[in-house]
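*Asks:* I'd like to ask you about the structure that follows.
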Amino acid sequence: MLMRPDKSFYPSPRLAMQAPKEKYGYLVIINPLERQKPDALVCVDLDPESSTYGQILGRVDMPNIGDELHHFGWNACSSALCPNTPHPHVERRYLIVPGVRSSRLYILDTKENPYEPKIIKTIEADELANKSGYSSCHTVHCGPAGIYVSALGNAKGDAPGGILMLDHDSFDVLGQWEVVRGPQEFAYDFWWNLCYDVIVTSEWGTPNMIMEGVNPEILLAGGYGHHLNFWNLPKRKHIKAIDLGSEQQMVLEIRPAHDPSKPYGFVGVVLSLKDLSSSVWMWYLDNGEWKAKKVIEIPAQPADPDQLPPLLKDFKAVPPLITDINLSLDDKYLFVSCWGTGEFHQYDVSDPHNAKLMNTIKLGGITHHAAHPSAPEIALNGGPQMMESSLDGKRVYVTNSLYTTWDQQFYPAGIKGWMVKFDVGDDGQLRLDPDFFIDFKDERPHQLRLNGGDSSSDSYCYS
Amino acid sequence: MMDHLYLILFALGAYHGINPAMGWLFAAALGLQYRSRKIIVKSLIALILGHAVAVGVVVIAVGLLGLHLPLMFLKLFTAALLLSLGIYHLFRQKHLSWFGMQIGVFGIFCWSFLMATSHGAGLMLIPVLLHNAAPVAGHAGHIISHETVVTGLFDVGLIVAVHTLGYLLMATLMAFLIYEKLGVAILKKAWINFDLIWAVTLIVTACFLLLW
């Protein structure tokens, strides 16, 4: 227990933007099943002053094969300073790392050796199912009541998915978060507008609908998730589902405004069945009612069927596939990954109702395979996918793998992993750092977390 | 002796008042969110009432027990409660999680009542009252002089009022200091672990009660 709040906790996003620059980041590395190697958590040197900048400082192999590690998170963060649930003397110390395929949860302690954290606890799928009724953990957030973990399905891999709670001291599974579920069935991401007591959850599909790859029959029938769910956070009760339209398939990353006094946020939708476009929607409070509207639409790009994987040949087009979005801590810039077309977009969302495209940078892509300036000889595959922007909003790190079975469908040649970095200049413009390129070869980097917090790890109760 | 008693009660109130986790931060945060001093005042009133009721309930309960039970038994009973609560707070960083940020004035009252109760705010007054009762134990030493119900209630009222005044002054000062002058940045450095200090205080008090 600390005598003063953990140094990396900040009362407001404005104060967090003045935090020291990140020195290193934790990155999960996935090995597809056929490689018969475990996934790993690696520590990447992100300190430009360091002689090992851009290199791997340490590596922790998981004790099992086939976990498919996904969106891990910290045991505690700035929300511990909230006045209604105060507990700011816990340490930001443990990483909770979920295996979406294995339904395992690993707890790693970063304190003694930050470069090679130690696995101190493993929660197996059986225990998870017994105590929460859920499987396939996906996203981890530290929050007001403890640690929240989203899970894609029930113990059989069917609906409903939801959220489960972990104790932030013992890491025991406390059970299902929901008290009144309402019509919600699918789960994926979640986050909150803390000062409005609302939690917003998104929808992908059940484990059985996604494990073996995207199922074209379900997809064309509009069977994947297309709702945005609103819940009362302290009462754990479903308030409202907004149907974005059954043509809007797979509602993924949830990014609320960081300023807790602003009642809005953004969510990415992977695919529209109408025209293969991808979109970003905004939710907002209008006269006491939560509403949602489309603020960004990115069209599909026509392509020669010969260049397309079997799944897309008939459509003669590449869908952008918005798989991740990230909002800078000042709520000014929204970054959007188009994993299909291999593009990274920057929008000005200072007026959230009117997103303005500022920059598009090409990397990889199903048909383009755009290279990185530091390795022009490598035709990149995969595209910009998971991203993390630094607290000061000046650096954005991006990796290229999505989900092994889906990687295979969209990039049948197999994903070669890479990680790149973008800089946001003083003029606000996004540029690719021509020197930062990490080649992971046959391993697939996924989510990154920066030491001391980043733009999708912490939430705040003060403006 | 009586002067000391009220000074200690006041000081304990002030100590609760200064702890951000006991309420003033809630009032300041709501004030900052809505840019409103009125909300701060309303929240403070709810916080103060919640705290006063939490403390009052314990004082009345122990006072009533004191009418029927020997002082020694009360001492041991209080010491046991203080000790277990102190040890619990020392090892577990439990916090309330049932309340959101939009809970209204009644919600803040309930929050404050539960926070004060779970911290053992009222319980901590008992050793002080017991200590005060001992020397004037003309009749086996009762916490509250109970010549009549009216004077008994008056005693309870005075004890709670003095304690709450300490809480009120400190909480009001802190909430407005943060809102008007300092801002929330100071939390990073100034929010010392009052809960840990409190846990140790509970344990020390329990030991003192057992030895004395």
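Note that the protein sequences, when read in sequence, are chains A and B. According to this note's numbering, the first sequence holds residues 1 to 463 in order. According to this note's numbering, the second sequence holds residues 464 to 675 in order. Note that CB positions come from ideal geometry on N, CA and C, so glycine has one too.
Just the chain A side, please: which residues come within less than 7 Å of residue 644 (chain B) by C-beta, in chain order?
*Replies:* What residue 644 (chain B) touches in chain A: nothing, since even the nearest Cβ is about 15 Å away.
*Asks:* Less than 9 Å separating the beta-carbons of residue 228 (chain A) and residue 292 (chain A)?
*Replies:* yes
*Asks:* How about residue 9 (chain A): is its C-beta nearer than 9 Å to some C-beta of chain B?
*Replies:* yes
*Asks:* Tell me which residues of the region 551-570 of chain B have at least one Cβ-Cβ distance to chain A shorter than 7 Å, keeping chain order.
*Replies:* 555, 556, 558, 559, 560, 561, 562, 563, 564 and 565
*Asks:* Mapping the DSSP letters down to three states, classify residue 354 (chain A) as helix, strand or coil.
*Replies:* coil
*Asks:* What is the residue span of the beta strand (DSSP E) that residue 48 (chain A) lies within?
*Replies:* Element bounds for residue 48 (chain A): n/a, residue is neither H nor E.
*Asks:* Going along the chain, which residues of the region 482-513 of chain B sit with their C-beta nearer than 7 Å to a C-beta in chain A?
*Replies:* Residues of the region 482-513 of chain B whose Cβ lies closer than 7 Å to any Cβ of chain A, in chain order: 483, 484, 488, 489, 492, 495 and 496.
*Asks:* Taking the continuous alpha helix (DSSP H) assigned at residue 501 (chain B), which residues delimit it?
*Replies:* Residue 501 (chain B) -> alpha helix (DSSP H) spans 500-531.
*Asks:* Note down the Cα distance separating residue 280 (chain A) from residue 189 (chain A), rounded to an integer number of angstroms.
*Replies:* 15 Å
*Asks:* Taking the alpha-carbon positions, what's the residue 581 (chain B) to residue 484 (chain B) distance?
*Replies:* 12 Å
*Asks:* Could you spell out where the beta strand (DSSP E) holding residue 26 (chain A) opens and where it closes?
*Replies:* Going by DSSP, residue 26 (chain A) is part of the beta strand (DSSP E) stretching over 24-30.
*Asks:* Could you pull the start and end residues of the beta strand (DSSP E) that residue 387 (chain A) belongs to?
*Replies:* Here the beta strand (DSSP E) through residue 387 (chain A) covers 387-389.
*Asks:* I'd like to know if residue 84 (chain A) contacts chain B, where contact means its C-beta is closer than 9 Å to some C-beta of that chain.
*Replies:* yes
*Asks:* Residues of the region 566-595 of chain B with a CB closer than 8 Å to any CB of chain A: list them in chain order, please.
*Replies:* Listed by position, the residues of the region 566-595 of chain B near chain A (Cβ gap below 8 Å) are 566 and 574.
*Asks:* Just verifying my parser: in three-state terms, what is the DSSP assignment at residue 464 (chain A)?
*Replies:* As displayed, chain A neither begins before 1 nor continues past 463, which places residue 464 (chain A) out of reach and without an answer.
*Asks:* Is the beta carbon of residue 349 (chain A) closer than 9 Å to that of residue 324 (chain A)?
*Replies:* no
*Asks:* Anything in the region 183-201 of chain A with a Cβ closer than 7 Å to a Cβ of chain B? List those residues in chain order, please.
*Replies:* Within the region 183-201 of chain A, the qualifying residues are 194, 195, 196 and 197.
*Asks:* In the DSSP assignment, find the unbroken beta strand (DSSP E) run with residue 346 (chain A) in it and report its ends.
*Replies:* 343-348
*Asks:* How about residue 534 (chain B) and residue 593 (chain B): are their beta carbons less than 9 Å apart?
*Replies:* Yes, the pair counts as a contact, with Cβ atoms nearer than the cut-off.
*Asks:* If the cut is a Cβ gap below 8 Å, which residues of chain B does residue 3 (chain A) touch?
*Replies:* 655, 656 and 659
*Asks:* For residue 176 (chain A), report the span of its beta strand (DSSP E) as first-last.
*Replies:* 173-176
*Asks:* Between the region 442-449 of chain A and the region 537-553 of chain B, do three or more beta carbon pairs fall short of 8 Å?
*Replies:* Too few Cβ pairs lie closer than 8 Å, so no.
*Asks:* Please tell me whether residue 233 (chain A) and residue 563 (chain B) are closer than 9 Å, where the distance is taken between their beta carbons.
*Replies:* yes
*Asks:* Along the alpha helix (DSSP H) that carries residue 407 (chain A), what are the first and last residues, could you check?
*Replies:* 404-410
*Asks:* Whose C-alpha, out of A:436, A:169 and A:170, is nearest the C-alpha of residue 472 (chain A)?
*Replies:* This structure cannot speak to residue 472 (chain A), because chain A is shown only from 1 to 463.
*Asks:* Of all the options A:147, A:390 and A:156, which has the alpha carbon lying nearest to the alpha carbon of residue 101 (chain A)?
*Replies:* A:156
*Asks:* Looking at the secondary structure, which residues open and close the alpha helix (DSSP H) in which residue 131 (chain A) lies?
*Replies:* Under the DSSP assignment, residue 131 (chain A) falls in the alpha helix (DSSP H) whose first and last residues are 125-132.
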